Amino acid sequence: MSLAEVQNAISEKKICILIPTYNNEKTLKRVIDGVLDYTENIIVVNDGSTDSTPQILAQYRQITIISLPENKGKGNGLKTGFRKAKKSGYDYAITIDSDGQHYPDDIPVFVEALLQEQEDILLIGNRNMSQDGIPKKSSFGNRFSNFWFWFETGIKLEDTQSGYRLYPLHKIPKKYFTPKFEFEIEIIVRTAWRHVPVKNVPIKVLYDPAERVSHFRPFKDFTRISILNTILVTITLLYIIPRNFLNNFKKKSFKKFIQEDVLESDGSNRTKAFSIALGVFIGLSPFWGFHTLLVISLSVLFKLNKVLAFVASNVSLPPFIPFIIAASLFLGAPFVSGNSDILHQDLNFELIKNNLLQYIIGSFILSTSLSALAGITSFLFLNKVSPENN
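Each residue of the sequence shown is one higher than the last, beginning at 23 in this note's numbering.
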């Protein structure tokens, strides 16, 4: 795209450039001047800087400047900028860090990628993390973040930590849990949960230790990120995956659901059968309260079909629980000289408590037997209705 085309697209698409900054006096002017080559739609959030940042910003009367009295973290600065951008009538915001690692001449990359899309999208700059000069801790942190983003959303990206991004302002959440660095993880995960596509675009990156100032605190911020991911994973397992499954089921007829989500889902017939067997095993196991967490975690670990495993794990729906408990106690009785006269007793927690070992042994016998039966039956059924080419 020519410079004029980029400038016109920025205007037509109502795009602004958002620059959060904190004590980056060495690089701030260069970043702003580079962005001004493309647009004056600039919002700078000075997050309580104590260096010469106010004096530098005083030179730019054509841009919007928000000065916060004290530093409250990058996440807070971005949220402040997003609110201002929406009030100012913008639909999109390209965020660029002020520490000099991002090149303003990559702005056309985001603009062109947006123009090629038919719907709102969140774009993240994909840095070449294998190039010389990239700190090893940054490369490791990015791979760590990529894995959890994939686990929480099902979307595979090569870079989830770059601060060079394009946000659809009217599709991102309005409220957040976090105010600091971890905000940039939260916002992309929760935006993806809203069914907004999240993609990478290639960008350049510069790591110059002589002028770059990083405010990342390894221990504190990594701890905060780990806590956030724990929360997001829990929400994923207990709410997002069941919600998506139910929504897909509601939108389709039972026949179409079987055809598209079972027969045409990812994996071979053997993988699908193992997924169903795993789900049945976990669903009948005595790990009450942890079934969903276990079945999704093991599906990811063994690269099985998460949807099929989750569906099969619901074999222990509330109406079936009394029968599962009774069968478990009956099957476990011979191994502990327990009471097998279950049908004439009230099924309650007191009965399980008094015969706990009997119940656990019987539960594993039941879950192993029925999971094997479910796996074999599923494999034969799938091979009959959807044979694979050998």
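Ideal Cβ placement from N, Cα and C applies to all residues, glycine included. Fair warning: this is a prediction, and the values are worked out from it, not measured in the lab.
Notebook entry, point to check: Can you give the Cα-Cα distance for Ile78 and Val53, rounded to whole angstroms?
Noted result: 12 Å
Notebook entry, point to check: Mind checking whether Val28 and Pro130 have CB atoms under 7 Å apart?
Noted result: yes
Item checked: Beta bridge counterpart(s) of Thr448 as assigned by DSSP -> This structure cannot speak to residue 448, because the chain is shown only from 23 to 412.
Margin query: Tell me the rounded alpha-carbon separation between Arg105 and Arg149.
Written below: 27 Å
Item checked: Rounded C-alpha distance that separates Ile249 from Glu204 -> 10 Å
Check: Since Asn98 contacts Thr72 with CB under 8 Å, what's their CB separation in whole angstroms?
Finding: With a Cβ gap of about 16 Å, Asn98 and Thr72 do not count as contacting.
Note to self: Quick check: the Cα distance between Ser338 and Gly305, rounded to an integer number of angstroms?
What the structure shows: 5 Å
Check: Looking at C-alpha atoms only, which residue of Lys51, Pro341, Ile374 and Val333 is the closest neighbour of Ser350?
Finding: Ile374
Next item on the list: Could you work out which residue in Asp121, Lys221 and Arg216 is closest to Asn168 when comparing CA atoms only?
Entry: Lys221
Notebook entry, point to check: Cβ of Leu58 less than 7 Å from any chain C Cβ?
Noted result: Going by chain labels, chain C is absent from the structure shown, which holds only one protein chain.
Next item on the list: For the segment 132-146 and the segment 181-193, state whether three or more C-beta atom pairs, one from each stretch, are separated by less than 8 Å.
Entry: yes
Check: For Glu34, which of Val67, Thr245, Asn68 and Leu137 has the nearest alpha-carbon?
Finding: Leu137
Next item on the list: Express the C-alpha separation of Ser297 and Arg165 in angstroms, rounding to a whole number.
Entry: 27 Å
Next item on the list: Starting from Thr117, follow its DSSP beta bridges and name the residues at the other end.
Entry: Leu40 and Arg187
Notebook entry, point to check: For Gly56, does the three-state DSSP call read helix, strand or coil?
Noted result: helix
Notebook entry, point to check: Where are the alpha helix (DSSP H) runs, 4 residues long or more, that stay fully inside the segment 295-348, in chain order?
Noted result: 313-323 and 328-335
Next item on the list: Figure out for me which residue from Val333, His217 and Ile253 has the closest Cα to the Cα of Phe271.
Entry: Val333
Next item on the list: Put Asn222 into one of helix, strand or coil per three-state DSSP.
Entry: strand
Check: Around the C-beta of Asn377, are 16 or more other C-beta atoms found within 10 angstroms, so that it is buried, or is it exposed?
Finding: buried
Next item on the list: Would you mind stating whether Val407 and Gln380 have Cβ atoms separated by less than 7 Å?
Entry: no
Next item on the list: Please classify Ser89: does DSSP put it in a helix, a strand, or coil?
Entry: strand
Checklist line | Where the alpha helix (DSSP H) containing Leu268 begins and where it ends | finding: Ile263 to Lys273
Item checked: Same chain only: Cβ atoms within 6 Å of Ile247, ignoring 5 sequence neighbours per side -> Glu204
Checklist line | Sub-7 Å separation of Leu330 and Lys294 beta-carbons | finding: yes
Next item on the list: Between the Cα of Ser319 and those of Pro340, Leu260, Lys197 and Ile225, spot the shortest distance and give me the residue it belongs to.
Entry: Leu260
Note to self: Does the segment 171-189 come into contact with the segment 209-224, if we say contact requires no fewer than three beta-carbon pairs (one atom in each stretch) closer than 8 Å?
What the structure shows: yes
Notebook entry, point to check: Does DSSP classify Ile177 as helix, strand or coil?
Noted result: coil
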